[in-house]
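Report on the following structure.
There are 2 protein chains.
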Amino acid sequence: MENMYSQTLMLLPPDELSLRISRLQSLMADKSLQAILVNDLTNLYYLTGRVYLGYAYIPAEGSPIFFVKRPVELDGELVAYIRKPEEIPSALEKLGIKTPAHIGLEMGTTAYDTIIRLQKLFPNAVTADASPLLRQCRSVKTPYEIKMLEISGKHHTMVYRRIPSLFVPGMSDIELQIEIERLSRREGCLGQFRISGDTMELFMGNVIAGDNADAPSPYDFAMGGAGVDPSLPVGANGTLLRQGMTVMVDVNGNYTGYMTDMTRTFTVGHIPEIAVKAHETSIRIHRELCKLGRPGTEAKALYQHAMAIVEEAGLAQYYMGHRQHAGFIGHGIGIEVNELPVIAPRSRDIIAENNVIALEPKFVIPQVGAVGIENTYVVTAESWRCITNAPEELIDLEG
Amino acid sequence: MENMYSQTLMLLPPDELSLRISRLQSLMADKSLQAILVNDLTNLYYLTGRVYLGYAYIPAEGSPIFFVKRPVELDGELVAYIRKPEEIPSALEKLGIKTPAHIGLEMGTTAYDTIIRLQKLFPNAVTADASPLLRQCRSVKTPYEIKMLEISGKHHTMVYRRIPSLFVPGMSDIELQIEIERLSRREGCLGQFRISGDTMELFMGNVIAGDNADAPSPYDFAMGGAGVDPSLPVGANGTLLRQGMTVMVDVNGNYTGYMTDMTRTFTVGHIPEIAVKAHETSIRIHRELCKLGRPGTEAKALYQHAMAIVEEAGLAQYYMGHRQHAGFIGHGIGIEVNELPVIAPRSRDIIAENNVIALEPKFVIPQVGAVGIENTYVVTAESWRCITNAPEELIDLEG
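Chains A and B supply the protein sequences, listed in that same order. Using this note's numbering, read the first sequence as starting at 979 and increasing by one per residue. Using this note's numbering, read the second sequence as starting at 979 and increasing by one per residue.
Shown next, in the form of structure tokens:
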């Protein structure tokens, strides 16, 4: 009987699936893993092009098996429905797959109780943490993924170009943010902003005006802001946008499941020379790192180069915050906002071709606000290619 | 030297802190736990009234200690700054606190790697899962928390009353949703929607129109919807709002860090009698469960009573979905959207005074859409008191 509703689980083109699986299997071979069992929604999306509840079993060689709990009615030759993970071992046996002796689980992101439950499925196997391997795999984007990122970047740019038109004198930071959110949503932004781990929470992004930029936040973001409520202490706090302030807009672009990060700084009227200088220093760091950050470069060397520029400009006390300083100036981005590589002083990451990196050297100038820009770049053999192309200069909202 | 910026970590009134800690300590005594070490942002918020990065150490007797990593500059006699959790044991020793022999950690929500790291802080202690205990504690709200929920409910209601004014003929589901989101944000909605675990993802809530209600979603929500992208497969999918459809609005209310859930169903013109009957059946279930659900009642008995009403009405095939059925009709709500108790067939929960419950018996009628309502109730000694008081009847958007 035909099911008029049935859909294919696999939404990736066959070549794309093969490419991702072969990269993963090559990384698994380096760690002598005979299989990995994936349950994180983000990684299931990476492996299929869709979010579903269930598991993906990736053997060291051969095709993956997708175990689905929900939704109903997904088809595919590699798809098996289960109600609970305890059904996985017998399902593998029926498929003639030998129980692995060394299996990777996502121990970096999956709850302790869940990992313990999954370990019991393979009582004779040694389990290892597969999270770093999956992060490493995802840090080098495929051409398909870069296309998804470019689409997000184009929509994101469309929104940013229209931000000045949303400003009304007398507005607060949060009122401006709400109009940017609406414009983003109407442009197709999915709203959702995936973050790995539990050191960040956010709603779509932040607009930070004036001295609110100097309010320290608990989260691991580049910038702070008090927020409007202590249950979400980051970003806009209701500051009225007044003469002499900067307004930093860091609202995310997720139009495809793949995100771009972009920050631009606006002013209300004239701002002090030191703030202008700091903004220009941010742009200079971008220019230099785009040239220096070729594949093979150490991420920490990029951090150090940027730091030298900042010190030469005499702006170190304002760099990456003033009362509280962030410990990084850039990060990989893709399905999640905090991917590899990390541009930080003790980073061990090496820049690779097709990394996608959000670079965000920023400054907080007391009594003025935050300045600087953030762009998302694709690392090519020669340099970094920008995919968030809104104007970078300070733009006066009073026109 | 005075610090002009310093703030107090503790934002709860002293009585409120004492009440929450004494409840927790009483539950800890039942499990013979000598301490719990909390790191989940949600539970840190519960224990302090603010989100911070760090830990809270709750001894079986006496005052908690709050270990803070970020933000900088928080004051309080119970506050100790640390850079990493490995500093906790010596900090406790300095405070004259004996190393516990039996300690609870949040194993249900914290990543495996993190729990292993925390276990190593107390090499001679037995560790146990403190997640169920914290969930149980939080399921009974204090008068202070109920006030926070009532404030959210009032703002949430203000937004819902204005939904018909946002409708423009020719709109799509997502266009209506964007206007509801903007209205919510302008009313003070924080946007953020905390969910425990990893079986749900969402952006502010869902608007589901027509047959999109019958698209199964991977997530553990009451209703589905295809979404506009397979990276977030739930809710609105771009359906044009046309004659004869229902439009179910389930957009969350988080105005205080404490959330209310409310769903209302709108129509575009006339809808078939069976959909009207199903909507009235939902309201009837609400009326009866509000009376039946007194403290001491088994949650599963409420589920069964509702099921009997549905079967009597001959609507079982449409209840809680049509192609795919949800396994629950209600859930606790507060700081997170999925708290205890759960109203489900195999729930072991017993209704308690000051539980706060979102009840959502809903139906999906093919070719029409979803119908039914959801309210958030406070359980009192006598009945359930509604805190989401927008009109419950079907409202024709063409008005």
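Backbone N, C-alpha and C fix where the C-beta goes; we use that ideal spot for every residue, glycine too. A quick note: this is a predicted structure, and the numbers were derived from the prediction, not measured.
DSSP-derived helix/strand/coil call for residue i
i: B/GLY1131; result: helix
i: B/GLU1051; result: coil
i: B/THR1105; result: strand
i: B/TYR1355; result: strand
i: B/GLN1345; result: coil
i: A/PRO1031; result: According to the sequence provided, residue 1031 of chain A is Leu. The question's Pro does not apply to it. If DSSP states are grouped into helix, strand and coil, A/LEU1031 belongs with the strands.
i: B/VAL1225; result: strand
i: A/ILE1060; result: coil
i: A/LEU1219; result: coil
i: A/PRO1369; result: coil
i: A/ASN981; result: In this prediction, A/ASN981 scores a pLDDT of 47, lower than 50, which makes its location untrustworthy; the coordinate-derived value is nonetheless stated afterwards. If DSSP states are grouped into helix, strand and coil, A/ASN981 belongs with coil.
i: A/LEU1083; result: strand
i: A/ILE1066; result: helix
i: B/ASP1192; result: helix
i: A/ILE1173; result: coil
i: A/GLU1123; result: helix
i: B/VAL1118; result: coil
i: B/PRO1110; result: helix
i: B/VAL1212; result: coil
Inter-residue spacing [alpha-carbon to alpha-carbon] between residue i and residue j
i: B/ILE1335; j: B/HIS1283; result: 16 angstroms
i: B/GLU980; j: B/THR986; result: With a pLDDT of 41 at B/GLU980, under the threshold of 50, the predicted position of this residue should be treated as unreliable, though the coordinate-derived value follows. C-alpha separation (whole angstroms): 14 angstroms.
i: A/ILE1060; j: B/ASN1353; result: 33 angstroms
i: A/LEU1337; j: A/HIS1303; result: 16 angstroms
i: A/MET1126; j: A/HIS1309; result: 18 angstroms
i: A/VAL1029; j: B/TYR1281; result: 29 angstroms
i: B/PRO1063; j: B/LEU1099; result: 8 angstroms
i: A/SER1323; j: B/GLY1205; result: Before going on, a small fix: residue 1323 of chain A reads as Pro here, not Ser. Answer to the nearest angstrom: the Cα atoms are 41 angstroms apart.
i: B/LEU1161; j: A/LEU1218; result: 20 angstroms
i: A/ALA1368; j: A/GLY1032; result: 40 angstroms
i: B/LEU1111; j: B/GLY1082; result: 9 angstroms
i: A/TYR1233; j: A/SER1130; result: 5 angstroms
i: B/PRO1147; j: A/PRO992; result: 42 angstroms
i: B/ARG1242; j: B/GLY1074; result: 55 angstroms
i: A/THR1275; j: A/SER1117; result: 15 angstroms
i: A/THR1224; j: A/GLY1350; result: 10 angstroms
i: A/ALA1256; j: A/TYR1138; result: 21 angstroms
i: B/ASP1319; j: B/ILE1329; result: According to the sequence provided, residue 1319 of chain B is Pro. The question's Asp does not apply to it. Taking the straight line joining both Cα atoms gives about 7 angstroms.
i: A/ALA1270; j: A/ALA1277; result: Note that residue 1270 of chain A is Leu in the sequence shown here, rather than Ala. If I take the Cα positions, the gap works out to 10 angstroms.
i: B/ARG1113; j: A/MET1285; result: 45 angstroms
i: A/PRO1121; j: B/ARG1220; result: 40 angstroms
i: B/MET1006; j: B/ALA1058; result: 23 angstroms
i: A/GLY1183; j: B/LEU1267; result: 40 angstroms
i: B/MET1226; j: A/LEU1052; result: 25 angstroms
i: B/GLU1360; j: B/ARG1272; result: 6 angstroms
i: B/THR1135; j: B/GLU1371; result: 14 angstroms
i: B/ILE1158; j: A/ASP1228; result: 23 angstroms
Endpoints, alpha helix (DSSP H) assigned at residue i
i: B/PRO1142; result: 1141-1144
i: A/MET1006; result: 992-1008
i: A/ARG1363; result: A/ARG1363 -> not in any alpha helix (DSSP H); beta strand (DSSP E) instead, spanning 1362-1364.
i: B/HIS1090; result: It is Tyr, not His, that sits at residue 1090 of chain B in the sequence shown. Looking at the DSSP string, the run of the alpha helix (DSSP H) that includes B/TYR1090 is 1090-1097.
i: B/ASP1239; result: It is not in any alpha helix (DSSP H) - B/ASP1239 carries neither H nor E in the DSSP assignment.
i: B/VAL1254; result: 1251-1270
Start and end residues, beta strand (DSSP E) containing residue i
i: B/ILE1075; result: Counting along the chain, B/ILE1075 falls outside any beta strand (DSSP E), and DSSP gives it neither H nor E.
i: A/ASN1021; result: A/ASN1021 -> not in any beta strand (DSSP E); alpha helix (DSSP H) instead, spanning 1019-1026.
i: B/ASP1151; result: B/ASP1151 -> not in any beta strand (DSSP E); alpha helix (DSSP H) instead, spanning 1151-1165.
i: A/ALA1187; result: 1183-1187
i: A/VAL1016; result: 1013-1016
Closer than 7 angstroms: residue i CB and nearest the ligand COA heavy atom
i: A/ARG1113; result: As far as ligands go, the structure on display features none, and thus does not contain the ligand COA.
Closer than 8 angstroms to chain E by CB, residue i
i: A/SER1209; result: The structure shown has no chain E; the protein chains it does contain are A and B.
Exercise. Compile a chain-ordered list of the residues in the segment 1089-1112 of chain A whose CB is closer than 7 angstroms to at least one CB of chain B.
Key: ALA1089, TYR1090, ASP1091, ILE1093, ASP1107
Practice problem: Report the residue ranges of all beta strand (DSSP E) runs contained in full by the segment 1283-1339 of chain B; include only those spanning at least 3 residues, in chain order. | Solution: 1308-1310, 1317-1321, 1334-1337
Self-check item: Residues in the segment 1282-1306 of chain A having any Cβ partner in chain B nearer than 8 angstroms
Solution: ARG1301, GLN1302
Quiz item: Listed from N- to C-terminal order along the chain, which residues in the segment 1179-1197 of chain A have their beta-carbon within a distance smaller than 9 angstroms of any beta-carbon of chain B?
Solution: GLU1179, LEU1180, PHE1181, MET1182, ASP1192, ALA1193, PRO1194, SER1195, PRO1196, TYR1197
Practice problem: May I ask you to list, following chain order, the residues of the segment 1123-1140 of chain A that have a beta carbon less than 9 angstroms from some beta carbon of chain B? | Solution: none
Quiz item: Taking a cut of 9 angstroms between CB atoms, which residues from the segment 1213-1246 of chain A lie near chain B?
Solution: ASN1232, TYR1233, THR1234, GLY1235, TYR1236
Exercise. Residues of the segment 1316-1347 of chain B with a CB closer than 7 angstroms to any CB of chain A: list them in chain order, please.
Key: none
Self-check item: chain A contacts from the segment 1029-1042 of chain B (Cβ-Cβ distance under 9 angstroms)
Solution: VAL1029, TYR1030, LEU1031, GLY1032
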